[in-house]
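Worksheet: the structure to be examined is printed underneath.
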Amino acid sequence: MNDNFIPNCPTGSAEDALERALEKLIAGLLPNGESPVAELPDASLSGASSAYPEPDEWTRLASGEARPAEVDALLAHAAVCRGCSARLRLSLRLFSTEASPEEAAETAKLASASPDWQRQLAIRLARTPVHSQHGKTARLLLWPAAGLAATLVLSAGLTLWWQHVHTPERLLAEAYTHSRGFDLRIPGAGFAEVAPEAHRRGAAVREPSQLLDARARIEDRLHSAPGDPRWLQLEARADVLEDKYDPAIEILDRLLASEPATPSLLVDDAAAYFQRGSCSGSEADRAKALDYLRRADELAPGNSVVLFNEAVIMEDRGQAMNAVETWNRYLRFERDPRWQAEGRRRLQALEQKLNRLKTHAN
Amino acid sequence: MNEIGVSVNDLAKACARSTEAAEWGELLRRCAPLAAMVVGRVARLWMNGSSPATVDDIVQEVFLKLCEQERRILRDFQPRGEDSFLGLLRIVSVSVANDHFRRLYSVKRGGKVVTMPIVEDASTGKTDGACQTALMHQSVLLDQLDKKLRSAPETIGERDRALFWLYYLQGLTAEEIAALPDVGLTAKGVESALRRVANWLRAEVAKRGPGG
C-alpha cells in the first residue's frame, strides 16, 4: 500500500522525498482508507487545537449557530483529523431531506416506521394537555394579565438596558472617556480630551470606578472560562488603560495567532504596541502598531476608530502625506461631531505644519 | 378532518389543539421517518450509530417535546413556506437527540464527553512492520508539508491550510468545502484557492538549501 506514496528505501534526498510526497498527495494517490492521519498525533499537524470537538459542536456548525472563530477551529481540526473530517462530512448532511439508500433502508426497519408504533404514540400525544381557551375567564383575566405582561416587558427591557450599559466593553469605554490617557481611541468610547496629567505612568492615580467594575467582571468570567477569547481581549484592553502594555501585548499576540484577525483585536494590539513604544521609545513597537492598523483598515475600510488611530500613528511615524489622506478619509466616516472636530483640528495642524515646511524649503 | 389532502404545515397547526389520535397518527406517518433519519445522523456523530431501539426512543422524545407546555412549539409554529414544519422538526430532532446523547455520556463518563472514533483505524492491528515504517515516513513528510503551510501565515492563512488538507488529505470535494459555513467561496473559488496553495507549496518544497 505504501509503494505509491513513499519509496521503501530512500533513493534521493529528503527534499526529493518531500516533493514526491506532495505530488502524490496532489495527484490523489494517497492510498484510500489508509490515510496516515490516524497515525499522526493530531496536535502535531493541527497545531493550535488538539482536543476533539464535542459531537454537538458539529451540529452547531451545520445549523450555522457556530461563531466564525468556532468554525475556523472546527475546520482546522477536521482538516487533520480523520475521525472529525468524517463528522464534518456527516454534519453537512445533517439537515438534508434526502435520504441515502442506506438511511432509507435503516429507517424503514425501525419500529417507529410501523403503523402500530405510530398509532400507540398518536393516542398518547392526543392525550397531552392542550392550551386552554376559556373565553370568559380569559376576558376576566385579560387586564391583570396585560398588566403583568407589561410589567414583565418593562422588567425585561430594564434588564436588557442595564446589561447593555454595564457590559465590560461599555464600562471600559466609559473609563477611557472618563480619563482619556492617550491620543489613540478604543472601540466604542465617547469623546474626551486627552488628560495626560490624570493618567501619568507610575503616578498614584485612582482608577475610574468603571475600570474597576469592568476588571472585576472580566476576572470573574475568566475564572470560569480562562481561554475565552472575548474576555481575554477585554482583559488586554483593561491592561492598556492601566498602562500594563506587556501583559496586554502577550494576550493580544496570542489571540491574533490563534483567532482570525478582527479589526477590534488589531486596534487593541496596535494601541498596546504604540503606547509601549511611546513610553520606551521603541521604533519597532510603533512600526508594528501601524502595521496592525493597516491590516485593520483593510478589514474594515470605513471604521472611524481604525482610521483615527492609523492617522495618529502615521503622523508619529513621519508619514505626513499619508496621515493627511487618512484624516480626510476619517472625516468622511466619523459621525460624532466632537470626534469629528478633533480630527479636523489635527488635520489642520498637520496641513499648517506641511505648509510651513514647504515655505521653509522654498 | 380529511388529513390526506392537508399540507403538513396545516396538520401540525391542527395538532396544536387536536385531541384526535387520527390527526396525530397522520402527522406521525408523514413526519416520523424524517425525525428518525435525522436522529440516526446525530447518533452517528456521537457514537458511530446507535441501536434501532435507541433511535425509536429518541423519535418518541421528539414528538413528546412538541407537546411540552401545552404544545407550545406547535402553537408558536408559523409556516414560512411549503412544508416549513419539516424544517422545524429537523431542528427539534437534532436538539432532542443531542440532549439525549449528552445526558447518556454525562452519566457514563461522569460528566466528561468522550468522542468515539467514527471511522475504523485502518492501521491498527493490520499492518506489518514495513507498512508501519512507511506510514511513519508518510506522517513525517506530511507533517513537514504542514509546517511549511504554517510558516507563512501572511500568504497561507489558517483557512487556506484547512481547505488544503480537507481536500487533499480528507477527500472532501470542492462542492462540499464550498458548502461549509463561513467559507464564502463557490466550488470554483475553492478550486482556485487550492491551486494557489498547491502552487505555493510546490515552490516552497522546490527551494533547496545550499548544496541541495
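In order, the protein sequence lines correspond to chains S and U. First residue of the first sequence: 15, per my numbering; consecutive thereafter. First residue of the second sequence: 123, per my numbering; consecutive thereafter. Virtual Cβ for every residue (Gly too), placed ideally from N, Cα, C.
Where the alpha helix (DSSP H) through residue i begins and ends
i	result
Ser27/S	No alpha helix (DSSP H) holds Ser27/S; DSSP gives it neither H nor E.
Cys189/U	Counting along the chain, Cys189/U falls outside any alpha helix (DSSP H), and DSSP gives it neither H nor E.
Glu324/S	Ser318 to Asp330
Ala113/S	Ala113/S -> no alpha helix (DSSP H), and no H or E assigned at all.
Thr73/S	Pro69 to Ser77
Tyr66/S	No alpha helix (DSSP H) holds Tyr66/S; DSSP gives it neither H nor E.
Asp305/S	Glu297 to Leu313
Gly171/U	No alpha helix (DSSP H) contains Gly171/U, which DSSP labels as neither H nor E.
Glu286/U	It should be noted that the sequence gives Phe, not Glu, for residue 286/U. Note, Phe286/U: alpha helix (DSSP H), Glu280 to Tyr290.
Phe199/U	Unbroken run through Phe199/U: none, as it is neither H nor E.
Thr340/S	Ala334 to Phe347
Cys137/U	Val130 to Cys137
Val94/S	Segment: none, Val94/S is in no alpha helix (DSSP H) and carries neither H nor E.
Gly291/S	Pro277 to Ser294
Asp267/S	Tyr259 to Ser272
His145/S	From DSSP, His145/S is part of no alpha helix (DSSP H); its letter is neither H nor E.
Pro129/S	Pro129 to Ala140
Leu124/S	Element bounds for Leu124/S: n/a, residue is neither H nor E.
Ala228/S	Ser223 to Ser238
Chain U within 9 Å of residue i, Cβ atoms only
i	result
Asp70/S	yes
His145/S	yes
Asp56/S	Residue placement at Asp56/S is flagged as unreliable, the pLDDT there being 39, under the threshold of 50; the coordinate-derived value follows with that caveat. No, no contact with chain U.
Ala314/S	no
Phe347/S	no
Val51/S	Here the model assigns Val51/S a pLDDT of 40, short of 50, so the residue's position is not dependable and the matter cannot be decided.
Pro129/S	yes
Arg244/S	no
Phe205/S	no
Asp86/S	yes
Arg141/S	yes
Pro277/S	no
Leu32/S	yes
Gly241/S	no
Asn16/S	With a pLDDT of 38 at Asn16/S, under the threshold of 50, the modelled position of this residue cannot be trusted; read the value that follows with caution. Output row for Asn16/S: interface = yes.
Lys123/S	yes
Ile263/S	no
Ile40/S	yes
Residue-level contact to chain S via CB, residue i, 9 Å cutoff
i	result
Arg163/U	yes
Ser228/U	no
Pro303/U	yes
Arg318/U	no
Thr308/U	no
Val213/U	This sequence places Ile at residue 213/U; Val is not what is there. For Ile213/U, the answer is yes, since a Cβ of chain S falls inside 9 Å of its Cβ.
Pro155/U	yes
Asn131/U	no
Gly336/U	What the structure shows of chain U is the stretch from 123 to 334, and residue 336/U is not part of that stretch, so it cannot be assessed.
Gln260/U	yes
Val312/U	no
Gln200/U	no
Val235/U	For Val235/U, the predicted model reports a pLDDT of 49, less than 50, meaning its position is unreliable; a value from the coordinates is still stated below. Answer yes: the Cβ-Cβ gap between Val235/U and chain S drops below 9 Å somewhere.
Arg225/U	no
Glu142/U	yes
Inter-residue CB distance, residue i and residue j (contact presumed, cutoff 8 Å)
i	j	result
Leu89/S	Ala284/U	4 Å
Leu199/S	Phe322/S	In the sequence as presented, Leu is not what sits at residue 199/S; that position holds Arg. Yes, Arg199/S and Phe322/S are in contact; Cβ-Cβ is about 5 Å, under 8 Å.
Ala31/S	Leu263/U	6 Å
Arg101/S	Leu188/U	27 Å between Cβ atoms; not a contact.
Open item on the list: Quick check for students: name the residue ranges of the alpha helix (DSSP H) that lie wholly in the region 172–211 of chain S, counting only runs of 4 or more.
Closed with: Every alpha helix (DSSP H) stretch that sits fully inside the region 172–211 of chain S and reaches 4 residues is listed by chain position as 182–192.
Task: 4-residue-minimum alpha helix (DSSP H) runs that sit fully inside the region 294–324 of chain U, ordered along the chain - done: Taking only runs of at least 4 residues, the alpha helix (DSSP H) segments lying wholly in the region 294–324 of chain U are 296–300.
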